[in-house]
Amino acid sequence: MRIDVKSQAFKIKQMKRNIENFLNNISEATMQDSLKKLQAKRAENDIEVIPVDVLNSGDDDIISSLRQNNIFNIGDLKRYDAKSLGVVLNNFTPEAVEKVIQDKDILMRDITVNTFPKIDPDRLNKDSLILLKHWYFNTTYQRDVETLESLTVTSEAEALLNKMKKKRGKLLSLFQSSSEKEQINKAFTEFEQIEPELNEIKKLVDKLLPEYEDDKYARDAFINDSAAFYAYIESRTGVAPTTHSGDLPAILVEEIQNMELDVSGLTGGTLRPYQLFGTKYAVYNKRTLIGDEMGLGKTIQALGVITHLFTEQKTRAFVICPKSVMANWAHEIEKWTGIPVKIFHGAKRDEAYKEWLETPSILITNPEHTKNLDIDALDYVDCLIIDEAHLIKNPKTQRTQNAIAIAAKSEYVMMMTGTPIENNVNEMKHLIGILQPHIVEEMERHPRMNEPEAFKTLVSPAYLRRKRIDVLKELPEIDFIEKFSEMSGKERDYYNEGVREGLSGLMKMRRAAFTGNSIDDSEKLANIMEICTEAKENGHKVLIFSFFKDNLNLIHETLGAQSAGIISGDVGMDERQGMIDEFTAREAGATLIGQIDAAGVGLNIQAANIVILCEPQWKPSTELQAIGRAYRMGQTRNVIVYRLLSEKSIDEAITQVRDEKLKSFNLYANDSSVADVFKAQEVEINEAEVQKEAFEIERKRLEEAKV
């Protein structure tokens with residue numbers, strides 16, 4: 001076989017260089033170097049805002065004197081050496097001043113060594129990518145990497161090719177010794193023998209290098225299994241990440257985790273670890289903004305704060321939330337705590353307010369309704385919760401001014417928003433200024449604090465945000481969240497018409513909550529819009545299912561351009577697939593609306609991981625088939641299913657009957673496994689039987705309500 005020696009030598013040299021570069025880039029030494037850079041960068045930001053109180057100086061007078069001289073945190077202190085600090089602390093001995101400097105240096109060193117860099121897959125820099133690629137290739141392709149590391153065949157090939165280059169033509173070969181010609185011919189033979197191995201190595205390199213050069217492979221692997229990445233880096237460094245604590249400095253995380261929290265009053269369930277941390281964070285820092293991504297249970301964390309404070313005899317709690325979720329707040333409080341609820345709304349609002357002032361309880365109202373409160377006469381509030389805090393971002397509105405006035409009278413304040421508010425610095429400053437004004441003052445004193453990383457660290461005592469990816473391993477693969485709403489007067493009238501018609505009026509009763517026809521007169525519709533808006537801001541897509549075409553049309557009209565269309569029974573398969581393709585191609589925030597019997601069967605719509613069920617169906621299998629459009633084995637993101645239920649309606653009765661019939665299948669518990677959920681499809685339920693029993697339960701409830 002004729003071998004082009006020059007061409008082969010070039011290819012082998014290039015392949016060897018590619019392998020060496022690849023192995024160097026994913027080596028332990030390169031990873032450790034990048035890790036140290038990331039640690040130093042994050043530690044630098046963390047150090048800036050750590051209060052001087054944590055210094056082990058043993059002298060409260062020194063700490064007080066530091067503060068009097070505008071040295072509030074380690075960032076301020078590190079700008080001084082012993083000589084310049086001695087001028088500031090001129091009432092203390094040189095030894096005492098030197099000890100402050102030593103304590104600061106020790107603290108800074110400890111923080112740097114024990115800091116784990118925060119990896120944000122949407123903002124990866126060079127060093128973050130080095131860490132991710134080191135992990136990805138040394139785990140996913142461990143054997144292949146080991147093969148390349150122990151490789152000798154390329155060096156052997158180079159040595160053989162160097163001998164093969166000496167081969168001469170017939171005339172010139174006359175001047176070579178027989179021994180030399182024998183060595184050259186032997187090199188050709190040996191090269192032919194190792195060529196198959198070289199070809200296999202080439203295939204391996206051709207497989208690995210494109211994945212290395214394209215950042216998406218390592219990035220996607222991290223998104224799909226961030227916990228594995230953290231565990232791997234911890235095993236290499238001994239430094240453990242705090243994946244449920246957002247961007248907080250490690251030293252503050254430790255202090256928060258060590259605080260005692262009494263949530264024995266949460267009788268309706270157990271907080272997940274990240275929720276427990278969020279609750280501790282809010283209690284520890286007193287006045288905070290919790291910005292967890294949608295579906296992570298901000299309401300439950302707020303109730304954890306309230307129940308803890310109740311054990312400390314701080315029993316005057318106040319919740320300000322949008323009108324569309326007031327009913328849901330009341331339902332969640334009853335479900336989780338049993339603490340009495342007073343609603344400041346409607347004809348009995350003054351009576352409810354008086355009872356709240358006199359008895360341990362939780363008052364609920366909406367921002368607009370605060371104008372009816374005599375805030376000046378309100379002496380104190382133990383704990384104020386402001387849900388959807390981004391709605392009070394305009395300081396010129398009365399509702400914002402009222403919220404600020406109530407917050408000023410509150411010892412503990414917990415604002416909540418699922419909107420990534422850190423993207424709007426002015427809005428963030430406004431809210432943080434209500435909670436902890438000294439943080440905003442610090443920004444004004446040090447303009448560098450407005451840089452993204454420094455800004456995040458500075459606001460960390462007031463702002464906590466976790467994304468779903470941060471706590472993915474603490475979440476079930478399918479998370480069911482019930483959202484209750486109250487019918488408007490118009491909707492309740494329509495509902496009562498259905499009740500009077502008996503069983504034949506069931507359809508009216510089921511769709512009554514959408515007959516308000518606008519977000520002002522339909523809380524269910526308002527809830528859908530809020531979920532879709534939050535989904536868009538957090539990078540998700542949404543599937544919406546209802547049995548009723550009128551509901552679907554109303555939702556489609558209300559969503560406008562955000563909707564990719566309606567899949568109903570009269571839409572052909574080609575048109576359906578066209579809608580799905582368009583939905584898949586659209587950016588985050590896109591919604592696809594489907595009639596549950598039509599779109600819930602036989603379609604694969606994995607582009608979405610938020611599902612909204614507008615009303616409960618008679619059979620759980622109907623809902624599960626719809627959920628199955630978004631959830632498939634291998635789905636890389638956990639799916640959130642919002643079940644919209646109208647309070648004091650047939651919705652509750654249907655759910656009650658179905659759950660009783662399912663018995664051992666606790667279908668909609670937050671921690672239900674995927675296996676349990678999909679096994680529940682096998683349970684036979686007679687639809688007519690469910691209808692009769694649900695109607696009877698609702699009829700009895702209405703009769704008792706009259707008494």
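All letters in the sequence shown, in the order written, are residues 1 to 707 by the UniProt record's numbering. All C-beta atoms, glycine included, are put in the ideal place defined by N, C-alpha and C.
- Quick one: using the 10 Å Cβ neighbour count with 16 as the cut-off for buried, is Y380 buried or exposed? What you label residue 380 is simply residue 380 of the sequence shown in a count that begins at 1. Burial call: exposed.
- Comparing alpha-carbon positions, which option in Y136, R500 and R2 lies nearest K216? Looking up residue 216 in the sequence shown gives position 216. Y136 is the residue among Y136, R500 and R2 whose C-alpha sits nearest the C-alpha of K216.
- Unbroken beta strand (DSSP E) run spanning E482, endpoints: Here the question's residue 482 lines up with position 482 in the sequence shown. Looking at the DSSP string, the run of the beta strand (DSSP E) that includes E482 is I478 to S485.
- Cα-Cα, which of V49, A29 and A40 is closest to R440? Residue mapping note: residue 440 aligns to position 440 of the sequence shown, counting from 1. Rather than Arg, the amino acid found at residue 440 in this sequence is Val. For the residues V49, A29 and A40, the minimum Cα distance to V440 belongs to V49.
- Query: When you compare only the Cα positions, how much space is there between Q68 and A282?
  - Reply: Translated into the one-based positions of the sequence shown, residue 68 becomes position 68. Translated into the one-based positions of the sequence shown, residue 282 becomes position 282. The straight-line gap from Cα to Cα measures roughly 28 Å.
- Item | DSSP state of L208 mapped onto helix, strand, coil | Sequence index remark: in the sequence shown, residue 208 carries index 208 (1-based). It is helical.
- Message: Under DSSP, the beta strand (DSSP E) around Q595 begins and ends at which residues?
- Response: Within the sequence shown, the letter at position 595 stands for residue 595. Note, Q595: beta strand (DSSP E), T591 to Q595.
- Do you know offhand how far residue 709's Cα is from N424's? In the structure as shown, the chain starts at 1 and stops at 707, and residue 709 therefore has no counterpart that could be examined.
- Message: Rounded to the nearest angstrom, what separates G304 and A352 at their Cα positions?
- Response: For this step, residue 304 is matched to residue 304 along the sequence shown. For this step, residue 352 is matched to residue 352 along the sequence shown. Between G304 and A352, the C-alpha separation is close to 23 Å.
- Task: Would you kindly report the start and end of the unbroken beta strand (DSSP E) that includes Y642?
- Result: The residue given as residue 642 occupies position 642 in the sequence shown. Residues V639 to S646.
- Message: Suppose contacts are defined by Cβ-Cβ distances below 9 Å. Is I300 in contact with A317 by that definition?
- Response: Within the sequence shown, numbered from 1, the residue matching residue 300 stands at position 300. Within the sequence shown, numbered from 1, the residue matching residue 317 stands at position 317. Going by C-beta atoms, I300 is not nearer than 9 Å to A317.
- Whether E523 touches T419 by CB criterion (9 Å): The residue given as residue 523 occupies position 523 in the sequence shown. The residue given as residue 419 occupies position 419 in the sequence shown. Contact flag unset, no.
- Query: Between F191 and L160, is the Cβ-Cβ spacing less than 9 Å?
  - Reply: By one-based count along the sequence shown, residue 191 stands at place 191. By one-based count along the sequence shown, residue 160 stands at place 160. Yes, the Cβ-Cβ distance between F191 and L160 is below 9 Å.
- Query: How would you label F514, buried or exposed, when you count the other beta carbons within 10 angstroms and need 16 or more for buried?
  - Reply: Counted from its first residue, the sequence shown places residue 514 at position 514. With 16 or more other Cβ atoms within 10 Å, it is buried.
- Task: Less than 8 Å between the CB atoms is what I'm expecting for A403 and I392, so what's the real figure, rounded?
- Result: For the purposes of this step, residue 403 is taken as the residue at position 403 of the sequence shown. For the purposes of this step, residue 392 is taken as the residue at position 392 of the sequence shown. 5 Å between Cβ atoms; contact.
- Item | Where the beta strand (DSSP E) containing M415 begins and where it ends | Looking up residue 415 in the sequence shown gives position 415. Counting along the chain, the beta strand (DSSP E) containing M415 begins and ends at S410 to M416.
- Beta-carbon contacts of A462 that lie in its chain and below 8 Å, excluding the five residues immediately before and after: Residue mapping note: residue 462 aligns to position 462 of the sequence shown, counting from 1. The answer, listed in chain order, is N285, R287, T288, L289, I432, L435, Q436 and I439.
- Item | Given L124 as reference, the closest of L38, A157, L148 and L77 once Cα atoms are compared | For the purposes of this step, residue 124 is taken as residue 124 along the sequence shown, with counting starting at 1. Closest option to L124, Cα to Cα, is L38.
- Which term fits A675, buried or exposed, when burial requires 16 or more other beta carbons within 10 angstroms of its beta carbon? The count along the sequence shown starts at 1 and reaches residue 675 at position 675. Only weak support exists for where A675 lies, its pLDDT of 43 falling under 50; the coordinates are left without a value.
- Message: Using the Cβ count rule (16 or more neighbours within 10 Å means buried), how would you classify V87?
- Response: Locating residue 87 in the sequence shown gives position 87, where the first residue counts as 1. So V87 counts as exposed.
- Message: Based on DSSP bridge pairs, tell me the residues matched to L464.
- Response: For the purposes of this step, residue 464 is taken as the residue at position 464 of the sequence shown. For L464, which the question treats as bridged, DSSP gives the partners I290.
- Message: What would DSSP say about A564, mapped onto helix, strand or coil?
- Response: Walking along the sequence shown from the start, residue 564 turns up at place 564. Strand, per DSSP.
- Comparing the CB of G304 with every heavy atom of the ligand ZN, is any distance shorter than 8 Å? With respect to the ligand ZN, the structure offers nothing, as it holds no ligand at all.
- Measuring CA to CA, which of D570, K619, C532 and S518 is closest to L554? Position 554 of the sequence shown, counted from the start, is the residue given in the question as residue 554. Among D570, K619, C532 and S518, the Cα nearest to that of L554 is on S518.
- Message: Which of the three DSSP states is assigned to S27 in this structure?
- Response: Position 27 of the sequence shown, counting from 1, holds the residue named residue 27. Looking at S27 - three-state DSSP - the assignment turns out to be coil, as it is neither helix nor strand.
- In the DSSP assignment, find the unbroken alpha helix (DSSP H) run with C383 in it and report its ends. Start at 1 with the first residue of the sequence shown, and residue 383 comes out as number 383. Run containing C383: none in the alpha helix (DSSP H); it sits in the beta strand (DSSP E), V381 to I386.
- Beta carbon of I566 nearer than 9 Å to that of G589: Within the sequence shown, numbered from 1, the residue matching residue 566 stands at position 566. Within the sequence shown, numbered from 1, the residue matching residue 589 stands at position 589. Contact: no.
- Where R79 sits in the DSSP three-state scheme: By 1-based counting over the sequence shown, the position of residue 79 is 79. Three-state result, R79: coil.
- Query: Y230: which of E687, L35 and S504 sits nearest, CA to CA?
  - Reply: Position 230 of the sequence shown, counted from the first residue, corresponds to residue 230. Measuring from the Cα of Y230, the nearest candidate turns out to be L35.
- Item | Buried or exposed (CB count within 10 angstroms, at least 16 for buried), D60 | Your numbering for residue 60 matches position 60 in the sequence shown. When all chains shown are included, D60 counts as exposed.
- Should the stretch 556–570 be regarded as contacting the stretch 361–370, the criterion being three or more beta carbon pairs within less than 8 Å? no
- Task: Would you give the residue range spanned by the beta strand (DSSP E) that K342 belongs to?
- Result: Walking along the sequence shown from the start, residue 342 turns up at place 342. V341 to I343 is the extent of the beta strand (DSSP E) around K342.
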